[in-house]
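Peer 1: Residue numbers (our numbering), protein chains in the order written: chain V, 1 to 307; chain R, 1001 to 1307; chain P, 2001 to 2307; chain Y, 3001 to 3307.
Number of protein chains: 4
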Amino acid sequence: MATRHFQPTHYFTTIGSHEPVLRIADGDTVVTTTVDARGADSSGSVITARGNPMTGPFYVEGAEPGDTLAVTLDKLRPNRLRGWTRKMVASNVVDPEYVRHLPWPVDDSQALATWEVDNAAGTATLVEPSDTKVGRLTLPLAPMVGCFGVAPAGGEAISTATSGPHGGNMDYRGFREGVTVYFPVAMPGALFHIGDGHALQGDGEIVGTGIEISFEVQFTVRVRKGKAIGWPRGEDADYIFTCGNARPLDQCVQHATTEMIRWLESDYGLDPVGAQILMGQTVEYDLGNIYDPAYTMVCKMPKRVLR
Amino acid sequence: MATRHFQPTHYFTTIGSHEPVLRIADGDTVVTTTVDARGADSSGSVITARGNPMTGPFYVEGAEPGDTLAVTLDKLRPNRLRGWTRKMVASNVVDPEYVRHLPWPVDDSQALATWEVDNAAGTATLVEPSDTKVGRLTLPLAPMVGCFGVAPAGGEAISTATSGPHGGNMDYRGFREGVTVYFPVAMPGALFHIGDGHALQGDGEIVGTGIEISFEVQFTVRVRKGKAIGWPRGEDADYIFTCGNARPLDQCVQHATTEMIRWLESDYGLDPVGAQILMGQTVEYDLGNIYDPAYTMVCKMPKRVLR
Amino acid sequence: MATRHFQPTHYFTTIGSHEPVLRIADGDTVVTTTVDARGADSSGSVITARGNPMTGPFYVEGAEPGDTLAVTLDKLRPNRLRGWTRKMVASNVVDPEYVRHLPWPVDDSQALATWEVDNAAGTATLVEPSDTKVGRLTLPLAPMVGCFGVAPAGGEAISTATSGPHGGNMDYRGFREGVTVYFPVAMPGALFHIGDGHALQGDGEIVGTGIEISFEVQFTVRVRKGKAIGWPRGEDADYIFTCGNARPLDQCVQHATTEMIRWLESDYGLDPVGAQILMGQTVEYDLGNIYDPAYTMVCKMPKRVLR
Amino acid sequence: MATRHFQPTHYFTTIGSHEPVLRIADGDTVVTTTVDARGADSSGSVITARGNPMTGPFYVEGAEPGDTLAVTLDKLRPNRLRGWTRKMVASNVVDPEYVRHLPWPVDDSQALATWEVDNAAGTATLVEPSDTKVGRLTLPLAPMVGCFGVAPAGGEAISTATSGPHGGNMDYRGFREGVTVYFPVAMPGALFHIGDGHALQGDGEIVGTGIEISFEVQFTVRVRKGKAIGWPRGEDADYIFTCGNARPLDQCVQHATTEMIRWLESDYGLDPVGAQILMGQTVEYDLGNIYDPAYTMVCKMPKRVLR
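1) Count the other C-beta atoms from every protein chain shown that fall within 10 angstroms of the C-beta of R:G1039, then say buried if there are 16 or more, exposed otherwise.
2) Just grab the DSSP bridge partners of V:M54 for me.
3) Name the DSSP beta bridge partners of R:L1081, please?
4) Select from the stretch 171 to 202 of chain V all residues with a C-beta closer than 8 Å to any C-beta belonging to chain R, and list them in chain order.
5) If you follow the beta strand (DSSP E) that V:W263 is part of, which residue opens it and which one closes it?
6) The stretch 3007 to 3027 of chain Y: which residues have C-beta closer than 7 Å to a C-beta of chain V, in chain order?
7) Going along chain P in order, which residues have a C-beta closer than 7 Å to the C-beta of R:I1158?
8) Within the chosen definition, does the stretch 1218 to 1231 of chain R reach the stretch 1107 to 1116 of chain R through at least 3 CB pairs nearer than 8 Å?
9) Please check if any C-beta of chain P sits within less than 7 Å of the C-beta of V:P140.
10) Could you work out which residues of chain P lie near V:S91, taking near to mean beta carbons separated by less than 9 Å?
11) Against chain Y, does V:R307 count as a neighbour if the rule is that its beta carbon must be under 7 Å from one of theirs?
12) Looking at chain V, which residues of the stretch 1274 to 1288 of chain R have a Cβ within less than 7 Å of any of its Cβ atoms?
13) Taking C-beta to C-beta, are R:V1273 and V:T132 nearer than 7 Å?
14) So, with DSSP's three-state summary, where would you put R:S1163?
15) In whole angstroms, what separates the C-alpha of Y:R3100 from that of R:W1104?
16) Quick check on the burial criterion: 16 or more other C-beta atoms within 10 angstroms. Buried or exposed for R:H1005?
17) State yes or no: is the beta carbon of R:M1088 nearer than 7 Å to at least one beta carbon in chain V?
18) Any C-beta of chain Y within less than 8 Å: which residues of the stretch 247 to 258 of chain V qualify?
19) Jot down the residue ranges of each uninterrupted beta strand (DSSP E) in the stretch 1070 to 1147 of chain R, minimum 3 residues, whole runs only, in chain order.
20) Measure from the C-beta of P:P2368 to each C-beta in chain Y and report whether the shortest distance is under 7 Å.
21) Quick check on Y:I3290 - is its C-beta less than 7 Å from some C-beta in chain P?
22) Between P:V2253, P:L2270, P:Y2268, P:M2301, which lies nearest to P:T2288 when the distance is taken from Cα to Cα?
23) Please say whether Y:T3180 and Y:A3070 have beta carbons closer to each other than 7 Å?
24) Could you give the C-beta distance for P:Y2285 and P:M2297, rounded to a whole number, given that I count them as a contact under 8 Å?
25) Does V:A120 pass the burial test, meaning 16 or more other C-beta atoms within 10 Å, or should it be called exposed?
26) Between Y:V3298 and chain P, is there a C-beta pair that is closer than 7 Å?
27) Have a look at the DSSP bridge pairing and note the partners of Y:R3176.
28) Between the Cα of V:G16 and those of V:A294, V:Y182, V:T160, V:G210, spot the shortest distance and give me the residue it belongs to.
29) Is there a C-beta anywhere in chain P that falls below 7 Å from the one on Y:A3118?
30) To which residues does DSSP link R:F1215 through a beta bridge?
31) Counting only the same chain and skipping the five closest in sequence on each side, list residues whose C-beta sits under 6 Å from that of P:H2018.
32) List the residues of chain V whose Cβ lies closer than 8 Å to the Cβ of R:T1114, in chain order.
33) Considering only residues of the same chain and omitting the five flanking positions on each side of P:A2037, which have a CB-CB separation below 6 Å?
34) Using a cut-off of 7 Å between C-beta atoms, extract the partners of Y:I3206 located in chain P.
35) What's the call for P:K2303, buried or exposed, on a 16-neighbour Cβ count within 10 Å?
36) Taking only the alpha-carbon atoms, compute the straight-line gap between P:T1956 and P:N2092 and give it to the nearest angstrom.
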């Protein structure tokens, strides 16, 4: 149950069976940092190639295929003063006929907006462009992890642009401080990766970004031996939830709903009919992202109805 | 601005250019009743054929194609003591491989659960089946309209099983008391239909029903002349929202998002870049239904960020 | 078994329970004409509103809900010298990011190309625009019906822009001369509608049109009493086939494949395992359209493997 | 332009930047073998782990990112007497409600059918199960490659269960002897992998397999320097074609159609309007697979209309 401080020296843009950067024990807490989606660190310097570079992987002693890795997000904190977003919604989130009416930038250098992030005030303020009708828009911070997960099975190394049963780039704003996330362990040591912090993000990540920024991160790992799950799960004070990562969104719902039924039956003592009657009238769904190669939908059950 | 009491004598299971049952004026309030999805009234008697029978249509004087009809849901109140739901999630909301593991009833007579609805206590209590692990489950009521809308263009008469730009069977639990909903008028008089009350419903209507029950309904209509919209819209104290009805869910998101961009630009004085920067970090999406022939996703913007 | 000559005087842009224009007997052959998708007749005059106007409906004596209506397309013949297509692929058939790179016409008047149709030579020749690199492109004719079907159940009147179990705007180039098509009868008399002739069309109708033209049409109807089917089916000398109409294409495949399994089991004496082993290695699929509100995929089985 | 005989000693179930097994020159022909999808070789012995084991990768001298690798399939020949298929269509290719009516095997050992493959006669004959109504079904052979491709960019190693821009498990029956396939080179040497031979397969690979069998394979590689493409392409005597790999099928069509437009403009001297008018009336689409994690649709243009 040690606290381990780790300073990354290199990053990965795939989640896979890479050489671990640190071996940690079940129960350990890690304090580290992440760079932003384009590889810029807390000083704003680009120190690694873009594409959601991951800190890690962390090898968790005792984690074996068929176990579950629980990761509690103890602290997610932007560690610099400027973040950025894209300015325009993605082509795939509007009607195909409407795509040509989007405000296409003249070139890629015009694609981004800049935000000032004030941790003390808990706000993000739009500073550039300054000539839009939203003006100097100020919004409350809600830091979250865009991309994290464990090494997939079978030797796969999966781009941090996308997601799957192993987690990955789910871009779900429910992955915030205080949440515990469960990943299915597929490789020895689980090989946990984390990165792609967002100071704030709307549902769906419809502009293709949250407010992208480097983070100070603290998380605690626990191994649940012999507990096999199919998709990333999570819980906070009010909900348990399951993630489905696929396309189209319909398939995300299918994965997340099936995983929730399984969870209610295995851990909450519900029979199939009881679980489904209950879900029918109390289930909630969140949209993670509808931008990445795999989209994400989240199936949530309120803890108050699970006793 | 009269209050009109209307007692239906027949119902429709399509939304179309049917002979109006009542002509009402811009600003009028209507007090009426709806039967449940299988045609049972407040006494529990089946008085019309099943399939979301509609009360109406109401002809609104002065409403012309190209206008918008605003309908405020003043009162949505179950008016009998028993409602019903299906017991099993729909085949299309779980992984295809999992479908055969669903708790298939031996026959259709075993497909339904019965709930006791107590308006005074504000609760629904599961009474049958009584042998599941959820026991005598009690949940808070949250009455909503499953299916309502206006006559579609071009002489179409569209089944109340499905939905479209005209509204219809959207099964979205945000259509609750106090909400104002906007429909694009396609035919003279708008021809407003309403029915399919749910005492409660989870996101997605994943068992294919909410708690289906007959309703006492009160609503007020207003015509917005010369205001053309593309999809149903709505608002409550905290949000404005737009509905997209289609398959797959991805296309629902496209319709709802495009409609929201248009709304922000036309009514909230935003330029394209400003609107999209704002939406990117503050938009929310709800899942209406993922059961009907057309699914529904809802794009929401918080009023607090729109000033 | 009479031959009935029918000259239409009005048209419908929905398929529904409209007043029949002619009552015909089981076995009768009808000789009639259809206008093009924009309502222009054999003289090129626009005589009715655009949107795939239908000739009919024809009431077939003896056809009852639960029966099948077999329609043999005896003759499909363009009856004027000019047809038209759109020039640009539809926005929904290319990558969303590519939509803005399509050759958008400056206005709708520039959206169409004109083709010369020569029945004697069996060719269509592009005459306008004349300044593209394909020049005076000449292609062999392959006339087909874009939209036809029977009145849907429940009083629905469905736009001729779309399709469903009743048939409708399937835009499948396999609906050509010599083919027999089967429709599920949902209303007394079946109420058969036909129109939207194409002198030629590629798979998918990706520009949103075939070569749109008015037709001389001859078809023969037969009623299969007590034979209930779920989706339009068809056959020619070499294949039997089933149509699935929905979105996304995945769902079209599901409908068409399920319908084919049912057909093989009911009419070809196959057991489930045998039918599926056979289908697995010999089935073929065609893309009808990927343009209309409902898309169409066709599941085909070669007659040679069905003995 | 040498002919290189290669005997594999190990296999990969991902396509990635693995250590090459052989370095070959531009123009070389390789004669080698592949095991079947479950790792069984020409003697029927399982010699490697299941999951479409790949022979290779072959490092092609001179191939650099941004080039195209052309692979001509000179010879694809089953090299043993027995192959196997699944007996039941996949759950995702039928209506969700129909899934429970599929002929589910009592256990996995009952899931497969056995076929006798006779190269001399050019036939495959079903030998087990012997008790279905299709009896001792004999079908003509049509050997094809299920899975092949080049190392993806960015260090990804992608499971041979699925496909992408790099190729992979496309399961398209058009990949047969005589065809030349083009892959976008993303890593130095291209790193070509090949395996998963099918003696025969229907469209869609709807039972999840073709007739799976080990192969003797001969192919010839050529590097097209400076020729960048986005998706696998191919050609035979009659057609050029492009592959889109994704979900749902709609997105496959979008990728394949966009790639074809680009090809017609860059290599066939067509302007956008000309290319699209031509495609609209002459394009054809094939369904590769609708079973794997990514589906495949193929967009084809007949060479006769391209001069």
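Backbone N, C-alpha and C define an ideal beta-carbon position, used for all residues, glycine too.
As the structure is a prediction and not an experimental result, all values here were calculated from the model.
Peer 2: Inspection of the coordinates gives the following:
1) Answer is buried; the Cβ neighbour count reaches 16.
2) Residue pairing by DSSP places V:M54 opposite V:F12, V:G195 in a beta bridge.
3) Looking at the DSSP output, R:L1081 sits in no beta bridge, so it has no partner there.
4) Among the residues of the stretch 171 to 202 of chain V, those with a Cβ less than 8 Å away from any Cβ of chain R are L200, Q201, G202, in the order of the chain.
5) Where V:W263 is concerned, there is no enclosing beta strand (DSSP E), although the alpha helix (DSSP H) it sits in stretches over 249 to 267.
6) Listed by position, the residues of the stretch 3007 to 3027 of chain Y near chain V (Cβ gap below 7 Å) are T3013, T3014, G3016.
7) Around R:I1158, the beta-carbon contacts reaching into chain P at under 7 Å are E2156.
8) The stretch 1218 to 1231 of chain R is not in contact with the stretch 1107 to 1116 of chain R.
9) At a cut-off of 7 Å between C-beta atoms, V:P140 does not count as an interface residue with respect to chain P.
10) For V:S91, the C-beta contacts it makes with chain P under 9 Å involve D2095, P2096, E2097, Y2098, V2099, R2100, in order along the chain.
11) With 7 Å as the cut-off, V:R307 does not count as an interface residue toward chain Y.
12) Within the stretch 1274 to 1288 of chain R, the residues whose Cβ lies closer than 7 Å to some Cβ of chain V are G1274, Q1276, I1277, L1278, M1279, G1280, Q1281, T1282, V1283, E1284, Y1285, L1287, listed in chain order.
13) Contact: yes.
14) DSSP, reduced to helix, strand and coil, places R:S1163 within a strand of the structure shown.
15) Taking the CA atoms as reference points, Y:R3100 sits about 9 Å from R:W1104.
16) Residue burial is scored here from C-beta neighbours: R:H1005 has fewer than 16 other C-beta atoms within 10 angstroms and is therefore classed as exposed.
17) Answer yes: the Cβ-Cβ gap between R:M1088 and chain V drops below 7 Å somewhere.
18) Cβ contacts with chain Y come from R247, P248, Q251.
19) Counting only runs of 3 or more, we get 1082 to 1086, 1112 to 1118, 1123 to 1128, 1138 to 1140.
20) Outside the displayed span of chain P (2001 to 2307) sits residue 2368 of chain P, for which this structure offers no information.
21) Using a CB distance cut-off of 7 Å, Y:I3290 counts as an interface residue toward chain P.
22) The amino acid at residue 2288 of chain P is misidentified as Thr; the sequence shows Gly. Per the Cα distances, P:V2253.
23) Yes, the Cβ-Cβ distance between Y:A3070 and Y:T3180 is below 7 Å.
24) 6 Å between Cβ atoms; contact.
25) Counting every other CB atom within 10 Å of its CB across the protein chains shown gives V:A120 a total below 16, marking it as exposed.
26) Not one chain P Cβ lies under 7 Å of Y:V3298.
27) Y:M3144, per the DSSP bridge assignment.
28) Here the closest residue by C-alpha is V:T160.
29) According to the sequence as given, residue 3118 of chain Y is Asp; it is not Ala. Contacts with chain P at 7 Å (Cβ-Cβ) do not include Y:D3118.
30) Answer is R:T1034, R:P1078.
31) Same-chain partners within the cutoff: F2012, P2057.
32) Contacts between R:T1114 and chain V, judged by CB atoms closer than 8 Å, are missing: the closest CB pair is about 11 Å apart.
33) Exclusion of the five residues before and after P:A2037 leaves N2052, D2196, E2212 as the residues of its chain whose Cβ lies within less than 6 Å of its Cβ.
34) Correct list: T2257, M2279, G2280, V2283.
35) When all chains shown are included, P:K2303 counts as exposed.
36) An answer regarding residue 1956 of chain P cannot be provided, because it is not within the stretch 2001 to 2307 covered by chain P.
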